[in-house]
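Data first, discussion second: the structure below is written as structure tokens.
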Ligand SMILES: [Zn+2]
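Numbering (this note's numbering), first residue to last: 1 to 238.
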């Protein structure tokens with residue numbers, strides 16, 4: 001899925017920041033497809049007063065991670081996605097120029113799912129390997145680069161878990177490894193099976209998991225294709 005809300009970076013090699021966001025549309029509702037439509041400029045904002053503010057808004061992110069851990073890429077990493085808005089990081093303004101934006105499906109007043117943390121951890125591993133100027137200290141929330149204007153991903157986001165890369169050490173059955181009630185209540189699709197949306201990602205055939213990733217059963221796998229696209233599988237829960 002490709003968002004038209006993108007343009008060229010001033011310097012495609014100048015990528016040194018990852019911005020984590022939270023979003024759900026309508027706010028607090030998950031799995032509606034409205035976020036993808038927003039990013040593709042096909043969201044009908046007239047039918048729902050909760051969406052009225054979004055009429056004419058042109059935004060995107062490089063990646064969207066659903067509550068179930070499926071990953072959709074809207075903008076190639078070497079292109080400039082429109083996710084940060086007015087922003088500043090380490091003295092530099094206009095963070096869209098030099099950052100990668102990852103939207104997690106969620107709200108500012110609740111936590112994120114274990115699948116999202118697993119997928120995000122693997123995305124970050126892949127990005128850090130691909131872009132040497134990104135390290136774990138350069139993974140920040142939207143709230144950090146736009147203070148006073150944005151609060152996502154919100155106070156419930158588990159920064160120590162992400163910055164420490166600790167997700168893989170968590171065993172199934174631990175508090176964080178247990179699927180949330182919300183996850184358990186979603187019937188209909190087998191866990192761990194990529195959604196049709198993922199299967200349609202261009203370049204997916206080239207996204208071969210690295211040996212390191214293959215050696216970690218139970219973790220979500222994300223690999224980076226040569227064209228800068230990402231692939232993600234929901235973690236297998238056994
Ligand atoms: Zn945001």
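Ideal Cβ placement from N, Cα and C applies to all residues, glycine included.
Remember, it's a predicted structure, so these values are computed and weren't measured experimentally.
The beta-carbon distance between residue 1 and residue 40, rounded to whole angstroms, is 7 Å. This is short enough to meet the 8 Å contact definition. One residue list follows from the rule of a beta carbon closer than 5 Å to any heavy atom of ligand 1, given in chain order as 21, 142, 152. The beta strand (DSSP E) runs lying completely inside the stretch 64 to 115 and spanning 3 residues or more are 71 to 73, 79 to 81, 99 to 105, given in chain order.
Here the stretch 14 to 32 makes contact with the stretch 93 to 102; the two share three or more CB pairs at distances below 8 Å. Residue 23: member of the beta strand (DSSP E) spanning 17 to 23, first to last residue.
Cβ-Cβ distances below 6 Å link residue 133 to 16 in the same chain, with the five nearest sequence neighbours on each side left out; the list follows chain order.
Within the stretch 34 to 61, the complete alpha helix (DSSP H) segments at least 4 residues long are 34 to 39, listed from N- to C-terminus. Judged by beta-carbon spacing, residue 84 lies within the 8 Å limit of residue 146, meaning their Cβ atoms are closer than that value. Shown here, residue 122 sits in a helix according to DSSP, grouped into three states. A check of alpha carbon separations from residue 91 across 129, 7, 5, 144 identifies 144 as the nearest. Apart from the 5 residues on each side of it in sequence, residue 87 sits with its Cβ closer than 6 Å to the Cβ of 95, 145, 146 in its chain, given in chain order.
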